[in-house]
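Undergrad: Order-wise, the sequence lines are chains A and B. So for the first sequence, the UniProt record's numbering puts the first residue at 1; every next one is plus one. So for the second sequence, the UniProt record's numbering puts the first residue at 1; every next one is plus one. Backbone N, C-alpha and C fix where the C-beta goes; we use that ideal spot for every residue, glycine too. A single structure is presented below for examination.
There are 2 protein chains.
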Amino acid sequence: MGQQHGDRLSATDASFLAQEGPTSHMHIGGLSVLEGPPPDFRELCDLLRGRLHLVPRYRQKLATPPLGTGRPLWVDDPSFNLEYHVRQTALPSPGSEEQLLNLTSRVFSQALDRSKPLWEMWIVEGLADGRWAILSKTHHCLIDGISGVDLATVLFDLDPVPRDVGGAGTAWTPRPEPTGAELLARGLTGFVRTGLRLADGALSAISHPERSVSGGLEALEGVGEIAWAVANPAPATPLNVEIGPHRRFVGVRNRLEDFKEVKAAFGTTVNDVVLAVVAGALRDWLHSRGVRTEGLELRALVPVSIRTADDQGQLGNRLAAMRGPLPVYIADPVARLMAVKQAMTGIKESKQAVGAEVLTSVQDFAPPTILAQASRLNFSTRLFNMIVTNVPGPQLPLYVYGREVLDVFPIAFLPRRHGLAVAIISYNGAVNFGLLGDLDALPDIDVLAGGLQDQLAELSRLADERRAAGAETEGAPA
Amino acid sequence: MGQQHGDRLSATDASFLAQEGPTSHMHIGGLSVLEGPPPDFRELCDLLRGRLHLVPRYRQKLATPPLGTGRPLWVDDPSFNLEYHVRQTALPSPGSEEQLLNLTSRVFSQALDRSKPLWEMWIVEGLADGRWAILSKTHHCLIDGISGVDLATVLFDLDPVPRDVGGAGTAWTPRPEPTGAELLARGLTGFVRTGLRLADGALSAISHPERSVSGGLEALEGVGEIAWAVANPAPATPLNVEIGPHRRFVGVRNRLEDFKEVKAAFGTTVNDVVLAVVAGALRDWLHSRGVRTEGLELRALVPVSIRTADDQGQLGNRLAAMRGPLPVYIADPVARLMAVKQAMTGIKESKQAVGAEVLTSVQDFAPPTILAQASRLNFSTRLFNMIVTNVPGPQLPLYVYGREVLDVFPIAFLPRRHGLAVAIISYNGAVNFGLLGDLDALPDIDVLAGGLQDQLAELSRLADERRAAGAETEGAPA
């Protein structure tokens, strides 16, 4: 499934390792809150153990060829220990949401250990009302941005009774680690994929993610987008400052119904409403900082999946960076939403994004997968002020070990000089925002979180007004 | 107090920063378990806030002169935030000691943030029986190994009623941060200690720790100790392997009474008994690994404080590394203890350690201070296999916010290629061992912990036998 022992990291995946620094962590994940009581920790570990064969990368670690002769390979970790990766913890009394967010911030402030499979999963007990949480943290380079399946994804069931995936009791035998000489030989001659047959056409795209990505970037360049952006750099803002290793995380809950109501009232897409709400919250936040917003339009990097026929006539996913407009200069909420709609329509109609389905084309419920796609793109602050991703999820309840998943918050990452990233996920009637900020750059991240809710409430109110006015007009005598 | 805004780090303190790497953390600390119920977190923070003026370094951060022109300075942190450093957390149910040790291991696996004051204090709730814990973690370079006072130390009271140290309600005003130009000027010209008068003679030694340390090292060199050790390198063992960033920590409780009984029966010091017990536990552990111990003597680095008259006729502490013998080749516990006693007597009688009082000369109950002394010495694996420190504490109960401190475990650090460090503290009738190991190098650290207890029990039994035999002899007719 594209996750074999001995796979070499793609150039893009290897670049995630190279880009990572002491202050720019390249892990991503999600925070899920579940109904209680928490399952027995050992039993939950057993459940996980029985599904690990679905995600082979989660038992593989990096092996680096000596003397800088090549990109790292994925190899089975002979000392893999599930209990290292899965961590049981608890909140102090009273187990408030603030305490859960503090824990999330702390976990995401720490780098993953490069000598082990690059993920952690924290099982958090002690939430108020007997609830518990799953906090997942996975390195970008582990998740194939095209075909990736994430561990949290395989843990979710559509039914209160955990599905049987055939992995229980199956012994796992790691392949032997390559010796230094073997790694050197592979580094020098290129890795021969013995045992991996590329019979299935779909595997072709999967095993060449570089090509797919560069295809997406070429599409951008094709309409001079990059050239335009370089000539018109993203504006300097308090969002784009040097950041430290520590993070703040806040979650914001909204109802999908409210987004749909606004969408219907003003003839936009849900994604337009999301960007307009983010732009409005940023505007209020900048004002609270004393920053003037006249003439200021910020730019969001919005990862886009483009489905096209590739040069071998096969279907494959390609990625592009859409420049999401954030017109913070507009005071009127409806005018701001209309400006977003117009800009997005313009982008969609341009040659660059022919056939693009803004994120909604992604079928899987795999937040880290989408986020990984984002990082395959150029997130230079010359081009973008922040990352905004919007991941559609299922509109029915999910379960882990029979407990209903009540809330999901996606957690993005901060590239260098990015003080804020916003990830959004829709799930079971909710549209939850996860705001990841630098600890020092965003002491007032709550202002942003509150602003998001205020902005949506205001657009809802205006949508109600418009609908009422429309009804009056319809009911008026001709 | 030797902790002024604008102080330059000593060469030794600066070397702690330079030596620290992704796998060799240079923080140290302690784990204290206290009777319940846990105090209100906000009130505990207020108590701490009222004592911070006793330890100015805890509100200072590093300022590094540009262009590599000099060692860092300590400067007040204008954005100091106590709530960042003091962290409230909890154990999952049932709040076992194993879970507390897991948390300790995790906290000590993570580097401190270099851009902030270099310490953390974790308040841990949810221990079984309503108890709670304080986990302190402080960077080496923050603690002056000669005169240092540690935050945990100032938190402890001798009385259930917290003492008034006069700090409550006192506002703290940080001095302005030096500009880049100021730092550069200081780097180029040397820092002028304006405002710090060296009127008190004792300050002379404090402000020149390099001189004191090199004095200690010279004392070693004086008897050719270093030359001898280099010619006779410490043996290769599974203790001295490449280590990763992650740690294991276990605590072992013993009764001081048992150590004293053995000491009296065999005419040794408590410190001899400690080293003999450690040697015996290492012997059993090596055997469990299939390592042969014939002819094998390991070497412990034991920090020693030497009080001498310095060149200005003033009293000051000097440091030396005593090579603590660990004769793992001897099977018989009493013979092993006698070998340690003889070697230690020999070392004490040598010119090198004239006047040395093995650690018992330290008056203060400040584990990090002692540990910091250890790191001022050369811990090359050429010379030593491991660090063993033994810190005497008070033999009466201590309190924090009116709650009795039930147990204290000191936590040392692992230099490069050191898989294990043992720190020992005596407190209120107990002699507790803290074993810090590399996560991967010491999966069987519990074997060592169990071995320590077995060894002490065996020596106790033999001491009983000897006493009984002595009583018989005494009671026998002449």
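#1: Determine, using beta-carbon pairs with one atom in the segment 127-143 of chain B and one in the segment 129-145 of chain A, whether at least three such pairs fall under 8 Å.
#2: Could you tell me whether any Cβ in chain A is nearer than 7 Å to the Cβ of G419/B?
#3: The beta strand (DSSP E) with Q99/B in it runs from where to where?
#4: Anything in chain B within Cβ reach of E125/A, meaning under 8 Å, just list it in chain order.
#5: Name the chain E residues that come within less than 7 Å of T89/B, Cβ to Cβ?
#6: Would you kindly work out how many angstroms separate the C-alpha atoms of V277/B and R106/B, rounded to a whole number?
#7: Taking buried to mean at least 16 other C-beta atoms within 10 Å of its own C-beta, is V154/B buried or exposed?
#8: Is DSSP giving N432/B helix, strand or coil here?
#9: Determine which residues of the segment 108-133 of chain A have a Cβ less than 9 Å from any Cβ of chain B, and write them out in chain order.
#10: Which residues of chain A have a Cβ atom closer than 7 Å to the Cβ of G244/B, listed in chain order?
#11: May I ask you to report which of helix, strand or coil DSSP gives D89/B?
#12: Does the Cβ of A463/A have 16 or more other Cβ atoms within 10 Å, making it buried, or fewer, making it exposed?
#13: In angstroms with no decimal places, state the Cα-to-Cα distance between E20/B and P94/B.
#14: Taking N405/B and P397/B to be in contact with their CB atoms under 8 Å, please state how far apart those CB atoms are, rounded to whole angstroms.
#15: Just the Cα atoms here: how many angstroms apart are L82/A and K137/A?
#16: What residue from D440/B, D444/B, L459/B has the CA that sits closest to V241/B's CA?
#17: Leaving aside the five residues before and after T194/A along the sequence, list all residues of the same chain whose C-beta is less than 7 Å from its C-beta, in chain order.
#18: With 16 other CB atoms within 10 Å as the buried threshold, where does A353/A fall?
#19: Nearest to A171/B by alpha carbon, out of P333/B, F409/B, D438/B, L52/B?
#20: Is L9/A closer than 7 Å to P65/A when the C-beta atoms are compared?
#21: Would I31/A pass as a contact of L135/A if the rule is Cβ separation under 7 Å?
#22: Could you tell me which of L459/B, R417/B, A343/B sits nearest to D332/B, measuring between CA atoms?
#23: Using the C-alpha atoms, what's the distance from V75/A back to residue 500/A?
#24: Which full runs of the alpha helix (DSSP H) of 4+ residues lie inside the segment 33-67 of chain B, going along the chain?
#25: Which of the three DSSP states is assigned to M338/A in this structure?
#26: Can you say whether A18/A is buried or exposed, counting buried as having 16 or more other CB atoms within 10 angstroms of its CB?
#27: Just checking my contact of A423/B with A412/B at CB under 8 Å: how many whole Å lie between their CB atoms?
#28: Out of L326/A, E261/A, W285/A, S79/A, point me to the one whose CA is closest to L301/A's CA.
#29: Between the beta-carbon of L456/A and the beta-carbon of N254/A, is there less than 7 Å?
#30: Give the DSSP bridge partners of D438/A, in chain order.
#31: So, for E120/A: in the same chain, excluding its five sequence neighbours on each side, which residues have a beta-carbon less than 6 Å away from its beta-carbon?
#32: Which residues bound the alpha helix (DSSP H) around V266/B?
#33: Would you give the residue range spanned by the alpha helix (DSSP H) that V155/B belongs to?
#34: Can you tell me where the alpha helix (DSSP H) with N271/B in it begins and where it stops?
#35: Return no unless some Cβ of chain B is closer than 7 Å to the Cβ of Q19/A.
TA: If we stick to the structure as given:
#1: no
#2: no
#3: Taken as a continuous stretch (DSSP letters only), Q99/B belongs to no beta strand (DSSP E), being part of the alpha helix (DSSP H) at 97-108.
#4: P92, S93
#5: Of the chains in the structure shown, none is chain E; the protein chains are A and B.
#6: 28 Å
#7: buried
#8: strand
#9: S109, Q110, A111, D113, R114, S115, K116, I123, V124, E125, G126
#10: D113, S115
#11: At residue 89/B the sequence reads Thr, which differs from the Asp that was named. Strand.
#12: buried
#13: 36 Å
#14: According to the sequence as given, residue 405/B is Val; it is not Asn. About 7 Å separates the two Cβ atoms, so the contact holds.
#15: 14 Å
#16: D440/B
#17: Only weak support is given to the placement of T194/A: the predicted model assigns it a pLDDT of 28, under 50, and the value that follows is read from those uncertain coordinates. Once the five neighbours on either side are set aside, T194/A has no close Cβ partner at all.
#18: Because the pLDDT at A353/A is just 40, under 50, the model does not fix this residue reliably, and the point stays unresolved.
#19: L52/B
#20: no
#21: At residue 31/A the sequence reads Leu, which differs from the Ile that was named. Yes, they are a contact pair.
#22: L459/B
#23: In the structure displayed, chain A extends from 1 to 478; residue 500/A sits before or after that span and is not available.
#24: 41-49
#25: helix
#26: exposed
#27: 4 Å
#28: L326/A
#29: yes
#30: R247/A
#31: H85, K137
#32: Per the sequence presented here, residue 266/B reads as Phe, with Val not at that position. Where F266/B is concerned, the enclosing alpha helix (DSSP H) stretches over 256-266.
#33: Position check: residue 155/B holds Leu in this sequence, whereas Val was assumed. It spans 151-155 - the alpha helix (DSSP H) in which L155/B sits, taken as one unbroken run.
#34: 270-288
#35: no
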